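In our numbering, the protein residues as written are 1 to 301.
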């Protein structure tokens with residue numbers, strides 16, 4: 001009798017375990033997104049080598065860990081071209097989708113930030129943010145322009161008695177000396193003038209390269225290439241709603257939960273493969289720049 005009770009008790013326990021396992025497997029089958037994970041990165045301030053290294057390392061880590069999404073919270077006035085391109089290469093090589101989100105209200109993605117947003121699989125902005133003004137500028141600014149009416153090639157006149165010789169006095173008395181000096185001055189100015197042309201040519205080269213680069217990123221993600229070029233050549237800027245209307249961004253979202261809700265089910269291209277984003281109930285982990293990165297970023301600013 002005791003053995004029978006023990007036997008039936010064992011059967012009941014096994015049945016309960018199997019029933020529990022069945023409901024667990026059924027719940028997983030009905031809610032596969034429960035295991036989906038995402039990473040939040042921060043780009044807050046000028047873009048330089050320290051931020052680029054942090055960004056690239058975290059993109060690589062997200063790929064290695066199998067994360068389903070990287071969200072980049074961005075508020076930047078721009079930064080260095082080399083650092084920007086390092087970050088864009090990390091995005092375009094990533095197997096994990098990258099969503100750049102300009103937030104909170106009052107934030108911006110100016111200059112280098114616009115290029116990074118154009119390169120991202122998802123580009124989003126919060127209300128009250130802006131983007132654009134992507135014209136390349138020289139670090140330290142341009143040299144001062146000459147005063148109106150002045151000759152930039154004219155050497156300073158020596159002080160009285162400074163470096164004068166009898167030969168100089170004789171030359172000044174020669175009636176043909178002034179004409180010869182004027183001819184030499186004109187010839188010198190003509191020889192030096194191409195230096196200004198070269199400077200203009202260099203600036204045109206930089207602008208054209210930047211315009212072609214942002215157009216290539218726009219073509220890659222199906223964004224507005226013409227407005228991107230305007231942001232480069234004319235320093236054009238847009239508010240969030242205008243950017244959405246002009247197909248510069250994909251989403252205007254109030255916060256990250258709103259962003260996740262809006263991009264859920266969207267199809268994006270990941271290295272030539274169509275991928276459907278599944279962001280419902282996604283578990284997010286924030287990875288902030290460490291202290292050393294913050295210190296280096298502050299120094300390089």
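Note that the Cβ used here is the ideal one computed from N, Cα and C, for glycine as well.
Keep in mind that this is a model prediction, so the values were computed, not measured.
Compare the C-alpha of residue i against each of the options and name the closest.
{"i": "residue 263", "options": "246, 210, 121 and 102", "result": "121"}
{"i": "residue 74", "options": "110, 137, 216 and 207", "result": "110"}
{"i": "residue 38", "options": "290, 294, 280 and 301", "result": "280"}
{"i": "residue 252", "options": "92, 86, 104 and 235", "result": "104"}
{"i": "residue 288", "options": "36, 35 and 59", "result": "59"}
{"i": "residue 204", "options": "45, 135, 100 and 224", "result": "135"}
{"i": "residue 270", "options": "261, 86, 46 and 69", "result": "69"}
{"i": "residue 67", "options": "295, 226, 297 and 286", "result": "286"}
{"i": "residue 303", "options": "88, 65 and 133", "result": "For residue 303 there is no data in the structure shown, the boundaries of the chain being 1 and 301."}
{"i": "residue 235", "options": "220, 211 and 87", "result": "211"}
{"i": "residue 273", "options": "226, 282 and 221", "result": "221"}
{"i": "residue 138", "options": "116, 202 and 87", "result": "202"}
Count the other CB atoms, across all protein chains shown, that sit within 10 Å of the CB of residue i; report buried if there are 16 or more and exposed otherwise.
{"i": "residue 243", "result": "buried"}
{"i": "residue 82", "result": "exposed"}
{"i": "residue 98", "result": "buried"}
{"i": "residue 199", "result": "exposed"}
{"i": "residue 119", "result": "buried"}
{"i": "residue 26", "result": "Low confidence applies to residue 26: its pLDDT is 47, below 50, so where it sits in the model is not reliable, and the reading given next is rough at best. Result: exposed."}
{"i": "residue 52", "result": "buried"}
{"i": "residue 295", "result": "exposed"}
{"i": "residue 299", "result": "exposed"}
{"i": "residue 297", "result": "buried"}
Are the Cβ atoms of residue i and residue j separated by less than 7 Å?
{"i": "residue 266", "j": "residue 259", "result": "no"}
{"i": "residue 125", "j": "residue 268", "result": "no"}
{"i": "residue 90", "j": "residue 56", "result": "yes"}
{"i": "residue 284", "j": "residue 40", "result": "yes"}
{"i": "residue 63", "j": "residue 95", "result": "yes"}
{"i": "residue 80", "j": "residue 231", "result": "no"}
{"i": "residue 100", "j": "residue 72", "result": "yes"}
{"i": "residue 301", "j": "residue 49", "result": "no"}
{"i": "residue 112", "j": "residue 84", "result": "yes"}
Going along the chain, which residues of its own chain have a beta-carbon closer than 6 Å to the beta-carbon of residue i, five neighbours each way excluded?
{"i": "residue 224", "result": "246, 247 and 248"}
{"i": "residue 44", "result": "75"}
{"i": "residue 302", "result": "Any property of residue 302 remains undetermined from this structure, which presents the chain solely from 1 to 301."}
{"i": "residue 42", "result": "73 and 288"}
Less than 8 Å between C-beta atoms, sequence neighbours within five positions excluded: which residues of the same chain meet that for residue i?
{"i": "residue 127", "result": "105, 240, 241, 252 and 254"}
{"i": "residue 108", "result": "75, 76, 77, 102, 129, 130 and 131"}
{"i": "residue 275", "result": "97, 267, 268 and 269"}
Could you pull out every residue in the same chain whose Cβ sits closer than 7 Å to the Cβ of residue i, ignoring the five residues on either side in sequence?
{"i": "residue 228", "result": "118, 214, 215 and 218"}
Nearer than 6 Å: is that true of the beta carbon of residue i relative to any heavy atom of the ligand FMN?
{"i": "residue 118", "result": "The model depicted lacks the ligand FMN and carries no ligand whatsoever."}
TODO: Starting from the N-terminal side, write out each stretch of the alpha helix (DSSP H) that is 4 residues or longer and does not extend beyond the stretch 57-128.
DONE: 81-93 and 112-119
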